[in-house]
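Colleague:
Rendered as structure tokens:
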């Protein structure tokens with residue numbers, strides 16, 4: 003079975019001292035992320051010319067965003083700009099895309115989309131406002147990245163433009179949120195968006211501003227000054243009272259089939275195409291002190307959720323054939339409940355809030371992962387509050403009917419972790435019965451299996467006689483089904499309720515993009531991606547569906 | 016309700032199997048309630064001379080004694096397992112057999128087992144009124160023997176649902192007792208099992224032709240890679256043989272009586288003596304044979320191909336070493352003729368899609384053997400009349416023959432012609448009413464109704480006038 007491709011070498015952890023492409027500079031309340039991509043990418047076969055990027059660049063970007071939130075909470079505004087002359091970024095590297103397997107392309111786009119959303123999340127909830135300083139051409143993904151910033155400033159040098167040339171040049175889409183943000187976020191008129199998205203050379207200067215593609219344009223002579231002024235205004239002195247923590251590396255250890263982190267373990271059964279992702283909660287957790295950040299990177303929820311996040315990414319990229327992941331937890335319900343209650347009590351503390359926001363992003367990462375998830379609630383499980391969200395994020399919940407097996411809801415289930423659709427997982431689960439959600443979130447007692455089942459929190463309740471068979475049959479049956487249909491089915495069932503920009507990006511833009519990526523007009527022998535950079539034109543099949 | 020080996024003979028380690036015990040605690044009382052409601056009407060408190068299987072070895076599988084039917088010890092028996100058995104056919108050929116349901120085949124196996132299982136209680140329901148018109152105590156006893164054994168087959172299949180399909184299995188097992196033959200709201204799954212069998216010639220035809228379909232279905236399942244299913248159906252096949260004997264000998268005795276009367280009273284209508292004319296017997300055979308052919312499903316079937324490919328259901332004798340050389344069946348075709356635009360046309364069905372047809376062909380050969388014996392008897396008696404099997408194309412509503420009309424020889428005919436000739440081939444309501452009218456009960460030991468000859472010998476070496484049924488209520 004094919005798992006250990008070149009992608010298996012990818013590590014999702016990095017550190018500014020190890021960056022090969024970006025530079026992270028922090029100066030009081032202002033931070034700058036400078037794009038200066040090294041031509042050598044994650045693997046041979048393409049060169050990251052013109053600040054084009056691959057997954058390696060995006061892993062650095064995600065790291066920078068995360069570190070700014072935790073290690074530099076004093077920062078109030080973040081500039082994203084280029085360190086290369088005349089070019090901001092030319093987007094995702096086309097030769098990299100052209101030489102990647104379909105599954106990798108899909109996961110690459112998903113990861114970059116998540117990273118862009120993290121910038122918006124930091125702007126909205128962490129008081130770190132992202133500003134794009136386009137000191138050169140911003141094309142394709144190179145313009146989609148700025149669109150994820152709160153404000154965009156373009157240098158007016160009669161040369162630099164913003165552009166989305168994917169449709170006219172490549173026969174694919176600006177799939178990193180570009181089309182969606184154009185109309186949903188920047189509110190560009192749809193006919194202008196249509197013109198812009200088919201105009202390979204893009205739009206520069208005043209017109210870019212008029213159309214709402216950028217917030218302002220400044221001449222080269224004053225560009226830096228103007229942008230810095232704006233950064234200072236937005237930072238407004240920053241948050242000098244916040245004391246950042248230092249985030250160490252996770253460095254899990256591979257023991258046989260198990261990847262062992264401190265609190266999380268990932269066991270992969272490659273033969274059966276099933277993995278078990280498990281979180282172990284310590285017997286006791288420290289109380290949250292006056293300055294919560296004194297807890298540092300070792301604090302359980304931060305550490306454990308970083309580990310869970312890393313494991314999910316490894317599953318996505320390293321184990322494409324593992325179709326089903328079983329979620330388990332071990333520990334005491336009371337410990338999790340206490341943790342949730344303390345976090346609720348300290349929610350105004352910047353560090354507690356950052357950890358909570360991060361947990362929200364990890365749950366969303368699970369929601370958007372194209373694997374089946376079953377939560378197994380057994381003896382010794384501690385699916386309470388925050389951890390019960392893992393069960394709610396799963397496609398099915400199996401719960402053992404036995405003395406002592408319980409689940410518990412906490413305040414954290416009542417709105418702390420909204421999904422991409424803006425609703426909580428409980429609201430989404432009971433989309434037709436809001437009153438039931440109200441009842442549930444007020445109910446804080448432990449629930450045994452029968453009660454949890456009565457409240458609709460359990461898919462299958464089985465006693466110890468049936469448990470093994472129920473689970474085994476469900477697991478074996480699940481992994482025998484078509485992976486494509488399961489991906490489509492799960493993505494359709496997980497997000498009941500309203501659309502948001504975020505659900506549109508993953509559910510509409512990405513789904514179309516992934517379809518286009520499979521079509522001969524893009525990747526066939528004479529497709530546009532295949533022939534990109536070659537001296538022949540693509541030949542399209544002009545039948546529209 | 017205690018669940019123990021003394022009340023439920025078994026070789027599945029029931030005493031220590033908590034899963035089975037849990038399932039049976041609820042199911043056994045429901046079964047008894049069903050048996051009392053839907054089992055043979057009016058004879059539940061009588062002593063019947065029945066055979067009970069108390070173990071799977073040669074001394075235990077046929078234990079004879081008087082028993083009241085509700086006290087019958089329905090047991091759970093599987094042919095002992097062969098630890099070296101490997102899968103004999105399909106894509107999994109050569110691998111070890113499965114002792115658990117593989118999740119990927121759960122839905123297919125469940126469907127196969129549920130469909131087979133549903134026929135067992137259905138036939139008991141269909142036959143529940145027949146005791147009142149039994150032509151002898153001997154025949155009455157045979158009816159009840161068939162009924163309790165269909166009940167045991169229900170137990171055998173339900174055991175598989177209970178043991179291997181978890182909660183779903185228990186729900187399916189419950190439904191076996193909820194569906195009712197002929198019910199408007201919850202009928203039995205297969206249509207043939209929804210019409211009552213209300214005369215004894217129909218009962219003999221049922222056990223001759225429809226139970227024989229069961230034999231071949233069980234034979235296909237006996238090859239299954241899912242070993243518990245293979246073992247359960249193998250043991251069921253030993254009992255099924257008795258049901259076929261009841262049908263085969265029943266029709267044969269009916270023919271013989273008619274022939275005797277025709278020879279004795281040359282030229283007179285046998286109806287004058289309360290017997291059944293040969294033409295009506297032939298029409299019954301036409302009707303039951305064609306309805307039983309329908310039970311095999313379409314001759315060209317992707318389901319049957321899937322079942323074969325997945326090694327879930329094979330052909331009859333798939334691995335006996337004689338019947339089939341090629342147990343993978345990926346190559347080759349079966350040729351079959353059916354009507355296209357009113358003309359018989361040759362068709363080729365890829366072998367794997369033709370697995371229902373393979374079973375149905377084996378079935379026909381088996382039926383022909385019985386027909387040959389009946390005709391040999393007629394010949395020996397000096398009769399010129401012969402009984403025939405209609406063509407497989409005749410009177411079909413399922414499969415490739417279902418879209419056109421054919422005569423009993425298999426020639427294509429128009430719908431008009433079929434309507435005109437129908438009364439020559441299939442029993443009319445008057446004829447069925449006549450058959451019913453001669454079904455006079457015979458309750459004295461050794462007495463037989465005037466439309467049927469006595470059998471050659473009694474049960475288990477007992478004489479024909481043995482008290483096969485002792486009435487306690489009258």
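Protein chains in written order, with my numbering: chain A, 3 to 547; chain B, 16 to 489. Beta carbons are placed, not taken as given, at the ideal position from N, Cα and C, and that holds for glycine. The structure presented is a predicted model; accordingly, all values stated were derived computationally and were not measured.
Confirm, please, whether the CB-CB distance from residue 44 of chain A to residue 531 of chain A is below 7 angstroms.
Modeller: no
Colleague: For residue 517 of chain A, is the classification buried or exposed, using 16 other Cβ atoms within 10 angstroms of its Cβ as the cut-off for buried?
Modeller: exposed
Colleague: Run through DSSP, which three-state label would residue 485 of chain B get?
Modeller: strand
Colleague: In whole angstroms, what is the alpha-carbon distance linking residue 201 of chain A and residue 165 of chain A?
Modeller: 7 angstroms
Colleague: If you draw a straight line from the C-alpha of residue 293 of chain B to the C-alpha of residue 212 of chain B, how long is it?
Modeller: 20 angstroms
Colleague: Would residue 220 of chain B be called buried (16 or more neighbouring beta carbons within 10 Å of its own) or exposed?
Modeller: buried
Colleague: Which chain A residues sit within Cβ distance under 8 angstroms of residue 506 of chain B?
Modeller: The requested residue 506 of chain B is not part of the displayed model; chain B covers only 16 to 489.
Colleague: Mapping the DSSP letters down to three states, classify residue 58 of chain A as helix, strand or coil.
Modeller: helix
Colleague: What's the C-alpha gap between residue 380 of chain B and residue 103 of chain B?
Modeller: 23 angstroms
Colleague: Strictly under 7 angstroms for the Cβ-Cβ distance: is residue 555 of chain A near chain B by that measure?
Modeller: What the structure shows of chain A is the stretch from 3 to 547, and residue 555 of chain A is not part of that stretch, so it cannot be assessed.
Colleague: Could you give the DSSP three-state label for residue 4 of chain A: helix, strand or coil?
Modeller: Its pLDDT being 39, under 50, residue 4 of chain A is placed unreliably by the model, and the measurement read from it follows with that caveat. Correct three-state label for residue 4 of chain A: coil.
Colleague: Could you check where the beta strand (DSSP E) with residue 365 of chain B kicks off and where it finishes?
Modeller: 358–365
Colleague: If I measure Cβ to Cβ from residue 494 of chain B and keep anything under 6 angstroms in the same chain, skipping five residues before and after, which residues do I get?
Modeller: Nothing can be reported for residue 494 of chain B, as the shown portion of chain B is limited to 16 through 489.
Colleague: Answer with buried or exposed for residue 382 of chain B, where buried requires no fewer than 16 other C-beta atoms within 10 angstroms of its C-beta.
Modeller: buried
Colleague: Using the DSSP secondary-structure output, state which residues sit across from residue 555 of chain A in a beta bridge.
Modeller: This structure gives no information on residue 555 of chain A, because the portion of chain A shown stretches from 3 to 547.
Colleague: In three-state terms, what does DSSP make of residue 490 of chain A?
Modeller: helix
Colleague: Using Cβ-Cβ distances below 8 angstroms, what residues of the region 31–47 of chain B are close to chain A?
Modeller: 33, 34 and 37
Colleague: So which residues on chain A does residue 119 of chain B lean against when the C-beta distance must stay under 7 angstroms?
Modeller: By Cβ distance, chain A contributes 478, 479 and 482.
Colleague: Taking a cut of 7 angstroms between CB atoms, which residues from the region 112–138 of chain B lie near chain A?
Modeller: Those would be 116, 117, 118, 119 and 121, in chain order.
Colleague: Does the region 335–346 of chain A come within contact of the region 408–418 of chain A, defined as at least 3 CB pairs closer than 8 angstroms?
Modeller: yes
Colleague: Under 8 angstroms, with one C-beta from each stretch per pair, do the region 217–229 of chain A and the region 44–56 of chain A reach the 3-pair mark?
Modeller: no
Colleague: Using only alpha-carbon positions, find the residue among A:502, A:527, A:359 and A:311 that is nearest to residue 254 of chain A.
Modeller: Checking every option, the nearest Cα to that of residue 254 of chain A belongs to A:311.
Colleague: Using a Cβ cut-off of 8 angstroms, pull out every chain A residue sitting near residue 181 of chain B, in sequence order please.
Modeller: 464, 468, 471, 472 and 475
Colleague: Assign residue 243 of chain A to one of two classes, buried (16 or more other C-beta atoms within 10 Å of its C-beta) or exposed (fewer than that).
Modeller: exposed
Colleague: Along the chain, where does the beta strand (DSSP E) containing residue 318 of chain B start, and where does it finish?
Modeller: Per DSSP, residue 318 of chain B belongs to no beta strand (DSSP E); it is in the alpha helix (DSSP H), 317–324.
Colleague: Quick check on residue 115 of chain B: does DSSP put it in helix, strand or coil?
Modeller: coil
Colleague: The beta strand (DSSP E) that contains residue 53 of chain A, what's its start and end?
Modeller: First-last for residue 53 of chain A: undefined, no H or E at that position.
Colleague: Counting only the same chain and skipping the five closest in sequence on each side, list residues whose C-beta sits under 7 angstroms from that of residue 109 of chain A.
Modeller: 318 and 319, listed in sequence order.
Colleague: Give a yes or no on whether the C-beta atoms belonging to residue 76 of chain A and residue 240 of chain A are separated by under 7 angstroms.
Modeller: yes
Colleague: Evaluate residue 478 of chain A with the Cβ neighbour count: other Cβ atoms within 10 Å of its Cβ, from every protein chain shown; 16 or more gives buried, anything less gives exposed.
Modeller: buried
Colleague: Can you find a heavy atom of the ligand GTP that lies under 6 angstroms from the Cβ of residue 419 of chain A?
Modeller: The ligand GTP is absent from the structure shown, which contains no ligands of any kind.
Colleague: Quick one: residues in its chain with C-beta nearer than 6 angstroms to the C-beta of residue 323 of chain B, no 5 flanking neighbours on either side, listed in chain order?
Modeller: 105, 367 and 370
Colleague: Label residue 104 of chain A either buried or exposed according to how many other C-beta atoms from any shown protein chain fall within 10 Å of its C-beta, with 16 as the threshold for buried.
Modeller: exposed
Colleague: Residue ranges of each beta strand (DSSP E) run of no fewer than 3 residues wholly in the region 27–109 of chain B, ordered along the chain?
Modeller: 62–67 and 78–83
Colleague: What number of angstroms, rounded off, separates the C-alpha of residue 222 of chain A from the C-alpha of residue 158 of chain A?
Modeller: C-alpha separation (whole angstroms): 6 angstroms.
Colleague: Should residue 63 of chain B and residue 159 of chain B be called a contact, given that it needs their Cβ atoms to be closer than 7 angstroms?
Modeller: In this structure, residue 159 of chain B lies closer than 7 angstroms to residue 63 of chain B by Cβ.
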